[in-house]
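In my numbering, the protein residues as written are 124 to 447. All C-beta atoms in this analysis are idealised placements derived from N, C-alpha and C, irrespective of residue type, glycine included. Quantities reported herein were computed from a predicted structural model and do not represent experimental measurements. Heads up, the thing below is written out as structure tokens.
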Amino acid sequence: MRVLSGIKPTGKLTLGNYIGALKNFPNFQNEGETFIFIADLHALTMPIDPEFLRENSKIIASFYLAAGLDPKKCTIFRQSRVSEHSELAIILQNYLYMGELSRMTQFKEKSQNMNQNAIGLGLFAYPVLMAADILLYDSDVVPVGEDQTQHVELARDLVKRFNNHYGEILKMPEAKIGKVGKRIMSLSDPSKKMSKSDPKGDIFLLDDMKTIRKKIMSAVTDSGSEVIYDIENKPGIANLLTIYAAIKNITVEEAETTFAGYRYGDFKKAIADAVIEEIEPFQNRFYTFYNDPQTEKILEEGEAKASVIARVVLQRVQQAVGLR
Ligand code: AMP
Ligand code: TRP
124 MRVLSGIKPT GKLTLGNYIG ALKNFPNFQN EGETFIFIAD LHALTMPIDP
174 EFLRENSKII ASFYLAAGLD PKKCTIFRQS RVSEHSELAI ILQNYLYMGE
224 LSRMTQFKEK SQNMNQNAIG LGLFAYPVLM AADILLYDSD VVPVGEDQTQ
274 HVELARDLVK RFNNHYGEIL KMPEAKIGKV GKRIMSLSDP SKKMSKSDPK
324 GDIFLLDDMK TIRKKIMSAV TDSGSEVIYD IENKPGIANL LTIYAAIKNI
374 TVEEAETTFA GYRYGDFKKA IADAVIEEIE PFQNRFYTFY NDPQTEKILE
424 EGEAKASVIA RVVLQRVQQA VGLR
């Protein structure tokens, strides 16, 4: 079984990224051949400062290692350094259609507030490159948060379309979403996804512990006083229960039982304790990898390994369409 996923180095990573993606990655490396990459080419789809991009790519590599990815068991690399990603995307762009790309939620959300005459082609074609990322490794399983499943679905449509035409060339992938925490919401507005752009509602993975505690203690809760999991009427409480359950690897029902009879204040304090207990040692591991020159070597070795595998699939596709 081949497993593949990536995170784009666009902003500061949040607790949402940790729970929805990072934390789950190491579970796969014992089950199959795992490829985890830094989606730096995807980061260019929105304006980004070059220095920040460089720095953030290094940060994500260190997060991967701190989360427990082991370079002996798993291939860790920068997308842009394995040029087969770009080469395959150029071919595959002909098999996805403008109509379906314009219906992607992420594209609609990101482009709606932009000058309509200045939307980059790369933002529109984002799912093409993402499909290339996935298909280049004959991936079976793609662990992602809920917001990315639409893109994986599109990659599946592409496989059907391509294989119908050329025979069994591309492998059919499948998205794998964590049971708990597939969509962590903002602490300041639980109707919105926790994303890299809301300093008050997001917990950033490099926030200091005092800040993390403060953000959780001031999270928006709901009227009433009972700690129960009710997404409709108590989205703030439900979100905190989800965070707790995901961190403790239990179900939200079990989390609900744990906090039966708690007041909101004590409940939030317990959530803050749990998050800090998880994130503090994670941060310490992060800084060790961040300061270790070996981390760059790990990426370079990963890139060499990834390229060997990617080349085989790329050539198979080139052959199928008549480029070889
Ligand atoms: P991105 O920040 O868009 O590069 O996302 C990287 C990974 O984190 C993807 O698998 C996302 O689905 C996941 N992710 C991002 N935000 C959240 C969130 N609020 N809750 C759960 N998963 C998330
Ligand atoms: N689009 C993903 C995100 O925003 C990152 C990504 C790029 C990805 N290529 C991928 C994830 C391939 C899984 C597989 O989070």
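Discussion item. Between SER128, ASN150, PRO132, GLN441, which has its C-alpha nearest ASN372's C-alpha?
Written reply: Along the sequence shown, one-based indexing puts residue 372 at 249. It is ASN150 whose Cα lies nearest to the Cα of ASN372.
| task | Report the rounded CA-to-CA distance for VAL205 versus LEU164, giving the unit in angstroms. | result | Position 82 of the sequence shown, counted from the start, is the residue given in the question as residue 205. Position 41 of the sequence shown, counted from the start, is the residue given in the question as residue 164. Cα-Cα distance, rounded: 11 Å.
- request: Report the rounded CA-to-CA distance for ALA361 versus ASP325, giving the unit in angstroms.
  value: Here residue 361 is taken as the residue at index 238 of the sequence shown, counted from 1. Here residue 325 is taken as the residue at index 202 of the sequence shown, counted from 1. The C-alpha of ASP325 is placed about 16 Å away from the C-alpha of ALA361.
Problem - Buried versus exposed, by CB contacts within 10 Å (16 or more), ASP256 - result: Numbered from its first residue, the sequence shown carries residue 256 at position 133. Burial state of ASP256 is buried, judged by a 10 Å Cβ sphere holding 16 or more other Cβ atoms.
Do you know how far the Cα of LEU437 is from the Cα of ALA383?
Taking the sequence shown and counting its residues from 1, one reaches residue 383 at position 260. Taking the sequence shown and counting its residues from 1, one reaches residue 437 at position 314. When rounded, the distance between both Cα atoms is 55 Å.
Quick one: measure Cβ to Cβ for ILE171 and ARG201, integer angstroms, because I've assumed they're closer than 8 Å. Taking the first residue of the sequence shown as 1, we reach residue 171 at position 48. Taking the first residue of the sequence shown as 1, we reach residue 201 at position 78. About 15 Å separates the beta carbon of ILE171 from that of ARG201, a gap too long to meet the 8 Å contact definition.
Considering only heavy atoms of the ligand AMP, list every residue whose Cβ is less than 5 Å from one of them, following chain order.
-> The set of residues with CB atoms less than 5 Å from any heavy atom of the ligand AMP reads, in chain order, ILE130, LYS131, GLY139, ASN140, GLY143, ALA144, VAL267, GLY268, ASP270, GLN271, ARG306, ILE307, LYS316, MET317.
Quiz item: What does DSSP give as the partner residues of THR157 in its beta bridges?
Solution: Here the question's residue 157 lines up with position 34 in the sequence shown. Paired residues: VAL126, CYS197.
Return the Cβ separation of PHE409 and ALA189 in integer angstroms, given the expectation that the two are a contact with Cβ distance under 8 Å. Stepping through the sequence shown from its first residue, residue 409 is reached at position 286. Stepping through the sequence shown from its first residue, residue 189 is reached at position 66. Approximately 4 Å separates the beta-carbon atoms of PHE409 and ALA189; this is inside 8 Å, confirming the contact.
- Message: Closer than 8 Å is the cut-off here; do at least three beta carbon pairs connect the stretch 396 to 406 with the stretch 323 to 337?
- Response: At 8 Å Cβ cutoff, the stretches touch.
- Message: Taking 6 Å as the limit between beta carbons, can you name the residues of its chain near LYS283, skipping five residues before and five after?
- Response: Taking the sequence shown and counting its residues from 1, one reaches residue 283 at position 160. Excluding positions up to five away in sequence, the list is empty.
Identified DSSP bridge partners for VAL265: Position 142 of the sequence shown holds residue 265. As a beta-bridge residue in DSSP terms, VAL265 pairs with ALA298.
Whose C-alpha, out of LYS428, LEU281, GLU424, MET124, is nearest the C-alpha of PRO266?
One-based indexing of the sequence shown puts residue 266 at position 143. Nearest to PRO266 by C-alpha distance, out of LYS428, LEU281, GLU424, MET124, is MET124.
Quick check: the Cα distance between ALA378 and THR157, rounded to an integer number of angstroms? Taking the sequence shown and counting its residues from 1, the one referred to as residue 378 is at position 255. Taking the sequence shown and counting its residues from 1, the one referred to as residue 157 is at position 34. Rounded to whole angstroms, ALA378 to THR157 spans 31 Å at the Cα level.
Review point. Under a Cβ-count criterion, where at least 16 other Cβ atoms within 10 Å of its own Cβ denotes burial, should ASN179 be classed as buried or exposed?
Key: One-based indexing of the sequence shown puts residue 179 at position 56. Counting Cβ neighbours within 10 Å, ASN179 comes out buried, since at least 16 surround it.
Next item on the list: Give the DSSP-derived three-state secondary structure of LYS323 in the structure shown.
Entry: The residue given as residue 323 occupies position 200 in the sequence shown. The answer is coil: DSSP assigns LYS323 none of H, G, I, E or B.
Measure the CB-CB distance between PHE285 and TYR387 and report whether it falls below 8 Å.
Numbered from its first residue, the sequence shown carries residue 285 at position 162. Numbered from its first residue, the sequence shown carries residue 387 at position 264. By the CB criterion at 8 Å, PHE285 and TYR387 fall outside the cutoff.
Taking 7 Å as the cut-off, is the CB of VAL265 close to at least one heavy atom of the ligand TRP?
As a working note, residue 265 is residue 142 in the sequence shown. Within 7 Å of the C-beta of VAL265 there is at least one heavy atom belonging to the ligand TRP.
* Looking at C-alpha atoms only, which residue of GLN406, GLN417, GLY445 is the closest neighbour of TYR141? -> The count along the sequence shown starts at 1 and reaches residue 141 at position 18. Put simply, of GLN406, GLN417, GLY445 the residue whose alpha carbon is nearest the alpha carbon of TYR141 is GLN406.
Can you list the alpha helix (DSSP H) stretches of 4 or more residues lying completely in the stretch 200 to 270, in chain order?
As for any alpha helix (DSSP H) of minimum length 4 sitting wholly inside the stretch 200 to 270, the runs are 207 to 215, 221 to 225, 228 to 235, 244 to 247, 249 to 258, ordered along the chain.
For THR137, three-class secondary structure by DSSP
Here residue 137 is taken as the residue at index 14 of the sequence shown, counted from 1. Look at THR137 here: in three-state DSSP terms it is strand.
task = From the DSSP output, in three-state form, read off LYS455 for me.
result = The question about residue 455 has no answer here: the residues shown for the chain are numbered 124 through 447.
- Short check: CB of THR168 to CB of GLY268, under 8 Å? Taking the sequence shown and counting its residues from 1, the one referred to as residue 168 is at position 45. Taking the sequence shown and counting its residues from 1, the one referred to as residue 268 is at position 145. 8 Å or more divides the Cβ of THR168 from the Cβ of GLY268.
Under 8 Å, do LYS196 and ASN153 count as touching if we go by C-beta distance?
Numbered from 1 along the sequence shown, position 73 holds the residue referred to as residue 196. Numbered from 1 along the sequence shown, position 30 holds the residue referred to as residue 153. For the pair LYS196 and ASN153, the CB atoms are nearer than the 8 Å cut-off.
Across the stretch 409 to 419 and the stretch 331 to 338, are there enough close Cβ pairs to call them in contact, namely three or more that are closer than 8 Å?
Contact fails: fewer than three Cβ-Cβ distances are below 8 Å.
What I want to know is whether the C-beta of ASP280 ends up closer than 7 Å to one or more non-hydrogen atoms of the ligand TRP. Here the question's residue 280 lines up with position 157 in the sequence shown. Distances taken from the Cβ of ASP280 to the heavy atoms of the ligand TRP include none shorter than 7 Å.
**Rounded C-alpha distance that separates ALA278 from GLY222** = Numbered from its first residue, the sequence shown carries residue 278 at position 155. Numbered from its first residue, the sequence shown carries residue 222 at position 99. If you take the alpha carbons of ALA278 and GLY222, they lie about 15 Å apart.
Check: In this structure, does DSSP put MET169 in helix, strand or coil?
Finding: Taking the sequence shown and counting its residues from 1, one reaches residue 169 at position 46. In the structure shown, the three-state DSSP call for MET169 is coil.
ask   = Where GLU376 and ALA241 are concerned, what is the direct C-alpha to C-alpha distance, given to the nearest angstrom?
value = What you label residue 376 is simply residue 253 of the sequence shown in a count that begins at 1. What you label residue 241 is simply residue 118 of the sequence shown in a count that begins at 1. Their Cα atoms are separated by approximately 47 Å.
Please name the residue in ILE354, LEU281, ASP415 whose C-alpha comes closest to that of ALA212.
Counting from one through the sequence shown, the residue named residue 212 turns up at place 89. In terms of CA proximity to ALA212, LEU281 leads the group ILE354, LEU281, ASP415.
Roughly how many angstroms lie between the CA atoms of PHE230 and TYR260, to the nearest whole one?
-> Indexing the sequence shown from 1 puts residue 230 at position 107. Indexing the sequence shown from 1 puts residue 260 at position 137. For PHE230 and TYR260, the gap between their C-alpha atoms comes out near 25 Å.
Would the beta-carbon of LEU127 be found less than 7 Å away from any heavy atom of the ligand TRP?
Locating residue 127 in the sequence shown gives position 4, counting from the first residue. The closest heavy atom of the ligand TRP lies less than 7 Å from the beta carbon of LEU127.
Check: From SER234 to THR380, what distance separates their C-alpha atoms?
Finding: For the purposes of this step, residue 234 is taken as residue 111 along the sequence shown, with counting starting at 1. For the purposes of this step, residue 380 is taken as residue 257 along the sequence shown, with counting starting at 1. Roughly 42 Å between the two C-alpha positions.
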